[in-house]
Every structure is written in structure tokens, then in C-alpha cells.
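Numbering (the working numbering), first residue to last: 610 to 1086. Glycine residues also receive a C-beta, built at the ideal position from the N, C-alpha and C atoms. Structure first, commentary second.
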């Protein structure tokens, strides 16, 4: 503990003043346990009697509270928050930082925090059994893993398991050297922008699109070109004549509409990339969850010219705090991405990588996927049934049998009325998430994203009923 004695008067008095100042300034915060007297005495090279006397004085003045058998803790009677001057002149930040300031705050978790029925999208399903299994894997990995930094590209064992998984589930035939392990989809997109995009480069985004891709690209100075999405996914006939640098797509389950890119358009997109010598970033954020058939082959599996950068994530499949994902890279880009990854954070945490590799090798990952897929299908069916019963023909449901959310289009709603609906539902305990913020341009229709990972099947039925009641209210007003 850093304490500076002022040299004025008895030592216990100097120590008392030093501790008071640290508490008042917030350097020692409310609730902090002070060091034991013997330990602080050794650290400051004082007698224990001096420290005891200072603690007794602080306790008498109400600065600390003593708890029998536990120690001394800072009370909240005299502490004041730390303040920092706001008018200190600083050098102008970089253009990247200035552009990043302009990006809107997309923390959707805050929109309806604490509501009984928050239909937030994007979070994986909670599986209590996974917590126990993951704890065992971490314990094992900590005992048997070398604790030095792993390879920049990622732990070889995890890259091998990822290759096997992608071959079985997504039809992608690759080698471990084709993969770089990253800290989730967001880092994958950020690295792609860093490696490929210069200021002013044109980048095609689906319209509507994944907002975090928008954020990363704007911060890097890209000129965004929105291209419309319909029931077959990206409308390839509307791709720009002028060659873009990059095209960002979610072909297996378009975010947020849920459309699946048709085979004809997949071929058109690959042909366009060849003709215009541009790259395609395929974000396969939830391709594991398809409920009516086997998973579709990824766009990367059709790519014979090595133009597709494929991004997948383990965080969406398991739990958000895992922060592990992967990029499958064209051969000509591997070295540049590894360099960018090194400069960004050197490597992902080795223990988590080792734990995940063994979890996959041992079959736990596939077992979790089967259980999650089964439960999500049940929840999706419950939400669908509830919407059909309570919302009826007042909404149009995008019935794509995959993913972790439903998209519904509101009939007869403009932007202002949709926002009023969201606010009214919030006041009644229902969290609705509008589609409009996911567009670059003003949408021609209003929609909602209804996530079903965070609520049980019975809760989803009740949420649908409450949604229907909110729609009833707006029919009467």
C-alpha cells in the first residue's frame, strides 16, 4: 500500500493522516479491507503498536469499521469520488479515434436491463451443465498445459479440432495452417478491416446488416455501400459496378432478416468477386443452429478461387464470455493476418484454447450442440405459436428455421409508431428490439428482432401474449 508520511509529529499521527487522505481521495475505496496491522507495519517499517494506534483513531472517527474475525474495512462516511479535470489540453486523437467516437453505442444489453421478458438477441443459450463441464476442462487444462504464450495463430490442438469440425459440419476442407484463432467475431472483423481496408476504400454491406461490422469499418475510414437483402439474401444484381475492396455477408442466416442466400446467388457472388478482384468476408455467426435439415454448406466450401475469408465463433455456441473464434484465410492473406493478430494482442489465452480443444476432442462440444439445438428448436416453436395466436396477421414472421432470433415485420407502422410501441412494451416489462438501427438508410418497413435464447418456452408464450396486448393497445389509439 502506497502511503506517504508527512514527517510532522508522532508516527501514529502521521500514519493516521496518510490513511485519511487516501480514503478521502478515493485511493482506498469504500468497502476495501485494510491490510492486517502486522503486515502493514512490516511494509512501512513501523512498529505494530504504531499501526494499531492509527487504526484505533480511524475507527473512533468513523473512517473504518472493525469486523470481528475479519479485519478493518473502509466505511463510506468520509470517502469522496475521484474527479479528473476535464479541461486539460491534449493532442488531437487519431482519425481512427475520431471516427470511432461517431459510432453509436450498440450495447443492446442496456436497453431493457432488468425486464421480466427481455427478448434480446445475440446471446447464446444458458446451459447449467455446460458450466460444470467447462470448469472441469479449465482445471484439466491448467494442470497439463504449458503456460507460456501459444502460437500467434492459435494453439495447434484447437486449430486441428476446428478443421475437423468445419469439415463435418460446414463442408470446409482445410488444414490447421489455414486458421487463425481470434477473440471472437468482432476481432475477426477488426483484423480484416486492418489488413484489407484503407481510408476511402469501398466496402459492401448487406442492408440491413450486423452493426458491429459497420462500426469497425467506419472506424477504419471505409466508404460503406449498402446493398439490399430480400428473401433470397443479398441481391447480387445490385452490387456496384465500381469494384469494392470487400463484401461482408452473412449467407447462412442473414443478420438480421434471417434470409438464406440461395445457391444461384452464392455462385453470382463468387463470380462477382473473381471479376472485380475483391474479397468476401463470410460471417457464419450461428450456422450451427438449423432446425429443419442438415446445416448448409458454407460459402467458403464453394470457393475455388480462394476469395472468401470465413469467420466463425465459439462464443455464440457456448457462452459470450469465452471470447474465442476463428478465421479461415485465403493463402495469400495468412501472413498479413498473423502479423495483425500479433500486433493486436500477440495471442489468445492458452488455457482457454487448450480447454476448448480437449472439450471438442472428447465429444463434449458436440453433445452441447445437440442439446442446445434441441432446446432452441423448442423455444422457437413456442415463440412462433405464441405470435401466431396473439399477434396474428398484424405482423409478418420471417419463418427461417435456423438461428437464435425471429424477425417480424410490423404492418402499418412507421418509425415513430414503432418507437412508441417499444417504449410502451418496456413500461409493461417486455423488451422489444427494433430493426431500424441496423440500416444505413431509412428502411421502407419497420421490424423487430425477437431473441428466444434468454427465455424458457413458457416465458416465450407469455411474452408473445404481452406483445399481442401491446399491439391491441396501439390498435385502439
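> Do the CB positions of residue 1039 and residue 1083 come within less than 8 Å of each other?
Replying inline: In the chain shown, residue 1039 corresponds to position 430, counting from 1. In the chain shown, residue 1083 corresponds to position 474, counting from 1. Taking the C-beta atoms as reference points, residue 1083 is found no nearer than 8 Å to residue 1039.
> Curious, which full-length beta strand (DSSP E) runs of at least 3 residues does the stretch 859-940 contain?
Replying inline: 888-892, 917-922, 934-937
> Would you say the stretch 764-774 touches the stretch 1069-1080, given that touching needs at least three Cβ pairs under 8 Å?
Replying inline: no
> Measuring CA to CA, which of 843, 825, 986 is closest to residue 816?
Replying inline: Within the chain shown, the letter at position 207 stands for residue 816. Closest by C-alpha distance to residue 816, out of 843, 825, 986, is 843.
> Given residue 1021, which residues of its chain have a CB within under 7 Å of its CB, disregarding the five upstream and five downstream residues?
Replying inline: Within the chain shown, the letter at position 412 stands for residue 1021. None.
>> Residues in the same chain with beta-carbon distance under 8 Å from residue 1007, minus the five sequence neighbours each way, listed in chain order, please.
In response: Locating residue 1007 in the chain shown gives position 398, where the first residue counts as 1. For residue 1007, where only same-chain residues beyond five positions count, the Cβ hits under 8 Å are 866, 867, 868, 1015, 1016, 1017, 1018.
> Just checking, does the stretch 939-947 make contact with the stretch 780-790 on the three C-beta pairs under 8 Å criterion?
Replying inline: yes
> So residue 1007 is in the beta strand (DSSP E); what residue range does that whole segment cover?
Replying inline: In the chain shown, the residue the question calls residue 1007 occupies position 398. Taken as a continuous stretch (DSSP letters only), the beta strand (DSSP E) holding residue 1007 covers 1004-1007.
> Taking the continuous beta strand (DSSP E) assigned at residue 682, which residues delimit it?
Replying inline: Within the chain shown, residue 682 is the residue found at index 73, counting from 1. That run of the beta strand (DSSP E) goes 680-683.
>> Using CA atoms only, rank isn't needed, just tell me which of 956, 900, 770 is closest to residue 982.
In response: Along the chain shown, one-based indexing puts residue 982 at 373. Cα-wise, what sits closest to residue 982 is 900.
> By Cβ distance below 8 Å, which residues in the same chain neighbour residue 877 in space, the five residues on each side in sequence not counted?
Replying inline: Taking the first residue of the chain shown as 1, we reach residue 877 at position 268. Result list for residue 877: 845, 846, in chain order.
> Under the three-state reduction of DSSP, which class applies to residue 821: helix, strand or coil?
Replying inline: Reading the chain shown from its first residue, position 212 is the one you call residue 821. Three-state result, residue 821: helix.
> Near residue 779, what residues of its chain come up, given a Cβ to Cβ distance below 6 Å and the 5 sequence neighbours on each side ignored?
Replying inline: Within the chain shown, residue 779 is the residue found at index 170, counting from 1. Hits under 6 Å: 907.
>> Check for me: the beta strand (DSSP E) holding residue 1014 runs from which residue to which?
In response: For the purposes of this step, residue 1014 is taken as residue 405 along the chain shown, with counting starting at 1. Segment 1014-1019, the beta strand (DSSP E) holding residue 1014.
>> Helix, strand or coil for residue 775? Go by DSSP, reduced to three states.
In response: The residue you call residue 775 lines up with position 166 of the chain shown. It is helical.
> How far does the beta strand (DSSP E) with residue 790 in it reach, from first residue to last?
Replying inline: Your numbering for residue 790 matches position 181 in the chain shown. 788-791 is the extent of the beta strand (DSSP E) around residue 790.
>> Please classify residue 1043 as buried or exposed, where buried requires at least 16 other C-beta atoms within 10 Å of its C-beta.
In response: In the chain shown, the residue the question calls residue 1043 occupies position 434. Its Cβ being crowded by 16 or more others within 10 Å, residue 1043 is buried.
> In the DSSP assignment, what residue or residues form a beta bridge with residue 844?
Replying inline: Sequence index remark: in the chain shown, residue 844 carries index 235 (1-based). Answer is none; residue 844 lacks a bridge partner.
>> Please report the straight-line C-alpha distance between residue 642 and residue 749, rounded to a whole angstrom.
In response: Numbered from its first residue, the chain shown carries residue 642 at position 33. Numbered from its first residue, the chain shown carries residue 749 at position 140. Going from the Cα of residue 642 to the Cα of residue 749 covers about 33 Å.
> Can you list, in chain order, the stretches of the alpha helix (DSSP H) that have 4 or more residues and sit fully within the stretch 641-667?
Replying inline: 646-653
>> Once the 5 residues before and after residue 871 are set aside, which same chain residues still bring their CB inside 7 Å of it?
In response: On the chain shown, residue 871 is found 262 positions in, with the first residue counted as 1. Closer than 7 Å at Cβ, skipping near neighbours: 841, 842.
>> I believe residue 932 touches residue 887 by the beta-carbon criterion, under 8 Å. Please report the beta-carbon distance rounded to the nearest angstrom.
In response: Working through the chain shown from its first residue, we reach residue 932 at position 323. Working through the chain shown from its first residue, we reach residue 887 at position 278. Taking 8 Å as the upper bound for CB-CB distance, residue 932 and residue 887 are not in contact here, some 29 Å apart.
>> Helix, strand or coil, according to DSSP, for residue 958 in the structure here?
In response: By 1-based counting over the chain shown, the position of residue 958 is 349. Here residue 958 sits in coil by DSSP.
> Taking the beta strand (DSSP E) that residue 622 falls in, what are its first and last residues?
Replying inline: Residue numbering aside, residue 622 sits at position 13 when the chain shown is read from its first letter. No beta strand (DSSP E) holds residue 622; the alpha helix (DSSP H) holding it covers 620-633.
> I think residue 828 touches residue 701, with their Cβ atoms under 8 Å apart; what is that distance to the nearest whole Å?
Replying inline: Position 219 of the chain shown, counted from the first residue, corresponds to residue 828. Position 92 of the chain shown, counted from the first residue, corresponds to residue 701. Residue 828 to residue 701, Cβ: 16 Å. No contact.
>> Taking the beta strand (DSSP E) that residue 675 belongs to, which residues open and close that run?
In response: Locating residue 675 in the chain shown gives position 66, counting from the first residue. Residues 673-676.
> Can we say the stretch 736-752 touches the stretch 965-984, given the rule of at least three CB pairs closer than 8 Å?
Replying inline: By the Cβ criterion, the stretch 736-752 is in contact with the stretch 965-984, since at least three pairs of Cβ atoms, one from each stretch, lie closer than 8 Å.
> Which residues in the same chain as residue 959 place their Cβ atom closer than 8 Å to its Cβ, once the five residues preceding and following it in sequence are excluded?
Replying inline: Position 350 of the chain shown holds residue 959. Here the set comprises 754, 755, 756, 757, 758, 759, 764.
>> Using 8 Å as the cut-off, can you tell me whether the stretch 656-672 makes contact with the stretch 618-638, which would need three or more C-beta pairs spanning the two stretches below that distance?
In response: Yes: the two stretches touch, three or more of their Cβ pairs being nearer than 8 Å.
> Taking the DSSP output, what are the residues bridged to residue 726?
Replying inline: Counting from 1 along the chain shown, the entry for residue 726 is found at position 117. Under DSSP, the beta-bridge partners assigned to residue 726 are 1039.
> Excluding the five sequence neighbours on either side, which residues of its own chain have a C-beta within less than 8 Å of the C-beta of residue 934, listed in chain order?
Replying inline: Taking the first residue of the chain shown as 1, we reach residue 934 at position 325. Counting only Cβ-Cβ distances below 8 Å, and skipping sequence neighbours, we find 790, 791, 792, 793, 794, 796, 797, 920, 921, 922, 923, 924.
> Within 10 angstroms of its Cβ, does residue 723 collect 16 or more other Cβ (buried), or is it exposed?
Replying inline: Translated into the one-based positions of the chain shown, residue 723 becomes position 114. Residue 723 should be labelled exposed.
> If you pair each beta-carbon of the stretch 1047-1056 with each one of the stretch 731-741, do three or more pairs fall below 8 Å?
Replying inline: no
> Which partner residues does residue 1011 have in the DSSP bridge list?
Replying inline: Locating residue 1011 in the chain shown gives position 402, where the first residue counts as 1. Residue 1011 pairs with 899.
>> Tell me the DSSP secondary structure of residue 1057 in three-state form.
In response: Here the question's residue 1057 lines up with position 448 in the chain shown. Of the three classes helix, strand and coil, the one that applies to residue 1057 here is strand, per DSSP.
> Can residue 771 and residue 918 be called in contact, C-beta distance under 8 Å?
Replying inline: The residue labelled residue 771 in the question sits at position 162 within the chain shown. The residue labelled residue 918 in the question sits at position 309 within the chain shown. Their beta carbons are not under 8 Å apart, which means residue 771 does not touch residue 918 by this criterion.
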